[in-house]
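Here's the structure, in structure tokens; my notes come after.
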Amino acid sequence: MSEFLILLISTALVNNVVLVKFLGLCPFMGVSKKLDSSFGMGLATTFVITLASGACWALEHYLLAPLGLNYLRILTFILVIAAAVQFIEMVVRKMTPELYRTLGIYLPLITTNCAVLGLPLLNVQQSHGFVMSVTYGFGSSVGFTLVLTMFAGLRERLALAKVPETFEGAPVSFVLASLLALSFMGFAGLKLG
Amino acid sequence: MNTHVINLNPVAAPHAQTGESVSAVMLKVLLALVPATFYAFWLFGAPSFWLWLITIASAAAGEAACLRMGKREVMPQLRDGSAILTGWLLALSLPPWAPWWIGVVGGLFATTLGKQVFGGIGNNLFNPAMIARIALLVSFPVQMTYWVVPNVAPNLFDGLLITLGHTPIPDAMSSATLLGHAKTDLARGVDLLHTSLPGHAFNWVGARVGSLGETSAWLIAAGGVALIFMRVISWHIPVAMLLALAVPAAIGHHENPARYLDATTHLMSGGAMLGAFFIATDYVTSPNTKWGQLVFGAGCGLLTWVIRTYGGYPEGVAFAVLLMNALTPAIDRLVKPRVYGRTYGGKPISAEKGKRS
Amino acid sequence: MLMPIVSVMFLGLFLGVILGYAAKVFAVEGDALVGEIQGMMPGTNCGQCSFPGCAGAAVAIVKGEAAPDCCPGGGKALAEAIAAKLGVSLDLSALADAGPKAATVDETICIGCARCYKVCPTDAIMGAAKQIHSVLQDACTACGNCTEQCPTGAIGMQPIPVTLDNWNWPKPVLA
Amino acid sequence: MGLRDFLFGISWGVHPDDHKRPAADQALRVLPMPRHLYVPLLQHAGRPAKPIVHEGDHVLRGQLIATVQGNVSAPVHAPASGRIIKVGEIPAPHASGLGFPGIVIETDAEQRSVPADLVSDPFALSPEQIAERVAAAGVVGLGGATFPSAIKFALGLRLKVDTLIVNGGECEPYLSSDDRIMRDCAADVVDGIRLVMRAIGAGQALVGIENNKPEAITAMKTAAESFPEVKIRPVPARYPMGSDKQLIQMLTGREVPSNARAATVGVLVHNVSTCAMVSRAVRTGMPLIERIVTVNGGAIAQPGNVLAPIGTPVQDLIDFCGLKAGHEKPARMVLGGPMMGMTLPNGDVPIIKGCGGVLALDANEAELPKTTACIRCGSCVNACPMGLLPLEMAARIRKSDYKAAEELAIDDCIACGCCAYACPSHIPLAQMFNHAKGELWSREKQAKRNERIKNLSAARQARLERDARERAEAAAKRKAARAAQQAAEKNSANSGEASA
């Protein structure tokens, strides 16, 4: 059990997918205007990544490797991810139309989120087992959700600040993201146990 | 009765104001820092004084430049002392004999990227002093971890030469802080019971290796308690932070003394006291409700202990405070005081509950 | 050579079937949003927002062609309600705050021709043939139909006067 | 400020120095009858009263000049005998300088009053009779809320309140009119308290008096000695202890739910001056036509309490107490106390039933410290007696996000001014919240208006369609009738030919 926990902490905090590996930056910047919608986005992304990690591992293990079709890896991974995103989009549209409207274009854009494709590829690269890759995917997406929600809270506070015109909007958000990344370096080299 | 012109912008109540003002509050905090700072000057001699001066000057310069660029009047905001306080706290967290450009880069970074970018006082989201310290620590690891043995105080002029980098610092003088020493020994597999602590590593009075703010824990704590009684800060954050640092340390030490430092070492060494009383209690970046402050303080203490014990860096206070600053908006959203006549959830209370409470 | 084509084709087919089935399970009927927003509009089809009636404006708002505060009749209350419904943040201070206007009749030159109250979408004008007319300020949305009809220009748009009821403390300008 | 208070005492509220002495200790002076009285028709919460007198009429002192209108309203009586010279717009006691409907009386020398309607034993009256006489006398809450007292009695009776809380707090600095009435007419106050208890069926009365008024406490204790059910409870002097929700919590520990009245938790709050007026109204039938007003402030030569008729211009009060040498005009005139008082544009404004004091502030009292940026220090959060987050609300109001301020429960803000007082950056928080509440209220009003307009236009649409349909049917019926008629002529013509 503790080994699972250590992996979770190391993927979520130590090498966080957004602030350390710098994957998935466009939804990180795009959706984080409001806390509720960004938490919704985090959950949707977590679902997609975890599903995709498992499916891509199975795909790699049972289809691509035995048939030697490794060069098709990215194509098939994207296919699975796109299907998962379509599925989650239908679910969100049905379950919470409010969230569907606030996420808007960013929901289908999960497909293009580089973390969603990146993580399965990393799984394959580090040749994780099935459980390992699902945990790795889940841990990283929990890290993504955590940082996205923290950043959304900060940006909501920032919206109330008297930011000078030249920095209004995206520039100040980028400065804020860099400072957040700076403070996340505290977890660098964190080894439990 | 002639009809009078409609006054669309009359003076509103209340017509009485408190005597308190922002600069008075900042002045009290600066005064609370004076004893610890001068003791540190006495310990580390003139170079630390020059470094302190340069850091404050560059912090103020950074703020002035940004204000002028933003076409806002410079003097009132400088006079309220927040830039000086930021510079001072940053200087307290630097190695005493660090070169001058560390102070300049840190001071400028603190007030420009740390505060003015977000719109000046009251708008920054991270503690400016700590952001600058982390930026320096990450970009100039050598200069930022170069500690000096105390009680070797060159006079004023030689001190200036050292700070300006003219005369090199003799190696005999350098040593490691207690936390740094513990971290390296653990890395080398030597457990804490057998490690040979350098003479100056731990000293009750505070004459030990470390940055200006790390030495005299007692004086800093005294300054902090004075601030609490002057009602500038409330006791919630410092008490929560120190408790959340001491409790896991005590448990850890009890379980496995070889692996974990004990509670008093954690409290007295490193930036714990400075962090708890002066850095974590920064108004702008900490929650403003009592319960929120308790959660914030506990978070800072716990993260400091985690980073010190398991993390890559020996000193975790700066990182812990910044991470909790990042969580402050979330804490403010979750922890709100109970409004009179409403439940914690915000719904009006029922009449029976009103009668009974 | 055949294997890659076949495997990808099967994968696509398999996923397509799942999505087809899911589409039926999670079917959602048409976008009820336009109806909701139109329900909020005053419904006077006065045309001040340059769209064909309130329905036209609602469609434009949902499509994003029009801003939520394009309906002067609804004022800030409506703009805020639409912005909340769309989940869009809205800067209301930009709304031209010349203050709400209402039609007022200049009794001295009104000849009682009764043309204006025929075109008023909310029956806000009271009057009979050859009698002096007057406007119910509370029901007037300042759509301006009456001003075009009036032969003598007796009816005009005046800002609603400030009284103790609608006077409000101004927002203090902060440093 | 003992340690216990420091750690566990009440943390809300502020402690401004109260400037009550020496004005509070001066003997009560009676204002000579001013030449003109400007009596507003709206001096109470609810709908304005309807005038029943005309210009040129002659009225006696205490005569009814405006009757109740709507269910929450109060009558207005002539504060002096004289001639009505105007029924129209008079300057309103409001910061905007706007006017509102009122009656101007030119006072005469004789000052003949309406004959008193004495009642020998008021306690023989039934609660309804007491409420009726209080309503007829136009008695309203004199603490400042000016809610018609009789309607409160009915509410209290209906909801079976068990405790009457008498508010002798008067926590606003400078003001001492309640203090003066407790010292001089403690017997009237206690008598009024017992009458109100009888009117609302309350078992006990708790009189909350701030402990910075020792003379008033002793006076009230001696007056209430023989009535065990009237209990005098000194409370710590701390602004806003006089606010009803805070006094209820301090005396009984009960908390009034957010959007409900105090009566729902079994208590009713009345001001000490109101109780004194209830006693006079029930015993002698004397209506509410005069009240004790504190005239104070740095610019006043002899500050003190003055008994003045309702409708007296503020300028007369200030001239009566005189300005200090070197002040030809006060730097600022305030109606009420410094914490919640309303700035007056000029002195021609009349005092009304709910006005407890008039302040003439000199230059340094009126000096506005410069507003600097908010440093999120939280002293406003500690000061707020309602447990709100003033800095968070203010930040959102600055961005005109009133909906978010509403979610932070701005409706519960009692505008006591503690946050603005405690703010080291001197941000006018009270004004921001009044602005926001006004904006939210006007939006709500506009939403209701939109709703009405939608119904109006829908009704018009329906009417036009009905007219068109009826006209079409009528035309169709006429055409059918004509066709039938032609057909009839044709076949009569055919039968004519056939027969011919």
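Residue numbers (numbering that gives the first Met the number 0), protein chains in the order written: chain G, 0 to 192; chain R, 0 to 356; chain E, 0 to 174; chain B, 0 to 499. The beta carbon of each residue, even a glycine, is placed where N, CA and C say it ideally should be. Predicted model only: the values in this text are computed from it and were never measured.
- Message: Can you look up residue 359 of chain B in the DSSP assignment and give me helix, strand or coil?
- Response: strand
- Message: Excluding the 5 residues flanking residue 222 of chain B on each side, which residues of the same chain have their C-beta closer than 8 Å to its C-beta?
- Response: 185, 186, 188, 189
- Close Cβ partners of residue 83 of chain G (< 7 Å) along its chain, the five nearest in sequence each way excluded: 47, 50, 51
- Query: Does the segment 46 to 66 of chain B come close enough to the segment 81 to 101 of chain B to have 3 or more Cβ pairs within less than 8 Å?
  - Reply: Because the criterion of three Cβ pairs below 8 Å is met, the segment 46 to 66 of chain B and the segment 81 to 101 of chain B touch.
- Using a Cβ-Cβ cut-off of less than 7 Å, list which residues of the segment 90 to 119 of chain G approach chain R; keep chain order. none
- Message: Can you confirm whether residue 175 of chain G, when its beta carbon is compared against all beta carbons of chain E, has any partner nearer than 9 Å?
- Response: Answer no: the Cβ-Cβ gap between residue 175 of chain G and chain E never drops below 9 Å.
- Task: Taking the CB atoms as reference points, tell me whether residue 186 of chain R and residue 236 of chain R lie closer together than 9 Å.
- Result: no
- Query: Any beta-carbon of chain B closer than 9 Å to the one on residue 151 of chain G?
  - Reply: Residue 151 of chain G does not count as touching chain B.
- Inspect the CB distances between the segment 335 to 348 of chain B and the segment 376 to 387 of chain B and report whether three or more fall short of 8 Å. no
- Message: Among the candidates E:5, E:84, E:39, E:14, whose CA atom is the shortest distance from the CA of residue 70 of chain E?
- Response: Measuring from the Cα of residue 70 of chain E, the nearest candidate turns out to be E:39.
- Message: Between the alpha carbons of residue 72 of chain E and residue 23 of chain B, how many angstroms are there, rounded?
- Response: 54 Å
- Could you name the residues of the same chain whose beta carbon sits closer than 7 Å to that of residue 81 of chain E, not counting the 5 residues immediately before and after it, in chain order? 36, 39, 60, 67
- Item | Proximity test, Cβ basis, 9 Å: residue 183 of chain R and chain G | no
- Could I get the ranges of all uninterrupted alpha helix (DSSP H) runs contained in the segment 142 to 181 of chain B, with 4 residues as the minimum, in chain order? 148 to 157
- Message: Applying the 10 Å Cβ sphere with the 16-neighbour rule, what's the burial state of residue 173 of chain B?
- Response: buried
- Message: Taking only three categories from DSSP, how would you classify residue 155 of chain E?
- Response: In this structure, residue 155 of chain E counts as strand in the three-state DSSP scheme.
- Message: Am I right that residue 106 of chain G and residue 91 of chain G are in contact with their C-beta atoms under 8 Å? What's the rounded C-beta distance?
- Response: 6 Å
- Stretch-stretch touch, CB-based, cutoff 8 Å, three pairs: the segment 111 to 126 of chain G with the segment 23 to 30 of chain G: The segment 111 to 126 of chain G is in contact with the segment 23 to 30 of chain G.
- Query: So, is residue 15 of chain G buried or exposed, given that buried needs 16 or more other C-beta atoms within 10 angstroms?
  - Reply: buried
- Task: Express the C-alpha separation of residue 102 of chain B and residue 352 of chain B in angstroms, rounding to a whole number.
- Result: Distance between the alpha carbons of residue 352 of chain B and residue 102 of chain B is about 15 Å.
- Message: Looking at the secondary structure, which residues open and close the alpha helix (DSSP H) in which residue 144 of chain G lies?
- Response: 129 to 158
- Message: Let me confirm a value: residue 480 of chain B is counted as buried when at least 16 other C-beta atoms fall within 10 Å, else exposed. Which label applies?
- Response: exposed
- Task: For residue 422 of chain B, decide whether its Cβ has a neighbour in chain R, counting only Cβ atoms nearer than 9 Å.
- Result: Chain R contact via Cβ: present.
- Message: I'd like to know if residue 398 of chain B contacts chain G, where contact means its C-beta is closer than 9 Å to some C-beta of that chain.
- Response: The C-beta of residue 398 of chain B comes closer than 9 Å to at least one C-beta of chain G.
- Query: Is it buried or exposed for residue 200 of chain R, if we count other Cβ within 10 angstroms and need 16 for buried?
  - Reply: For residue 200 of chain R, the predicted model reports a pLDDT of 49, less than 50, meaning its position is unreliable; a value from the coordinates is still stated below. A buried status is given to residue 200 of chain R, since no fewer than 16 other beta-carbon atoms sit within 10 Å of its beta-carbon.
- Completely contained beta strand (DSSP E) runs for the segment 183 to 250 of chain B, where each covers 3 or more residues: 203 to 209, 229 to 234
- Listed from N- to C-terminal order along the chain, which residues in the segment 53 to 72 of chain R have their beta-carbon within a distance smaller than 7 Å of any beta-carbon of chain E? none
- Message: Can you pull the chain E neighbours of residue 86 of chain G, defined as C-beta to C-beta under 8 Å?
- Response: 17, 18, 21
- Span of the alpha helix (DSSP H), counted from its first residue to its last, around residue 219 of chain R: Where residue 219 of chain R is concerned, the enclosing alpha helix (DSSP H) stretches over 216 to 228.
- Determine the extent of the beta strand (DSSP E) in which residue 269 of chain B is found, giving its start and end residues. 266 to 270
- Query: Which residues mark the beginning and the end of the beta strand (DSSP E) in which residue 84 of chain B is found?
  - Reply: Element bounds for residue 84 of chain B: 81 to 90.
- Query: Of all the options E:127, E:105, E:121, E:102, which has the alpha carbon lying nearest to the alpha carbon of residue 111 of chain E?
  - Reply: E:127
- Item | the segment 156 to 183 of chain G: positions lying closer than 7 Å to chain R by Cβ | 156, 157, 160, 161, 162, 163, 166, 171, 174, 175, 178, 179, 181, 182
- Contact check, residue 130 of chain B vs residue 198 of chain B under 8 Å by CB: the rounded distance? 5 Å
- Under 8 Å from any heavy atom of the ligand ADP, does the C-beta of residue 399 of chain B make it? With respect to small molecules bound, the structure shown includes none, and the ligand ADP cannot be examined in it.
- Item | Per DSSP, cross-strand counterpart(s) of residue 289 of chain B | B:308
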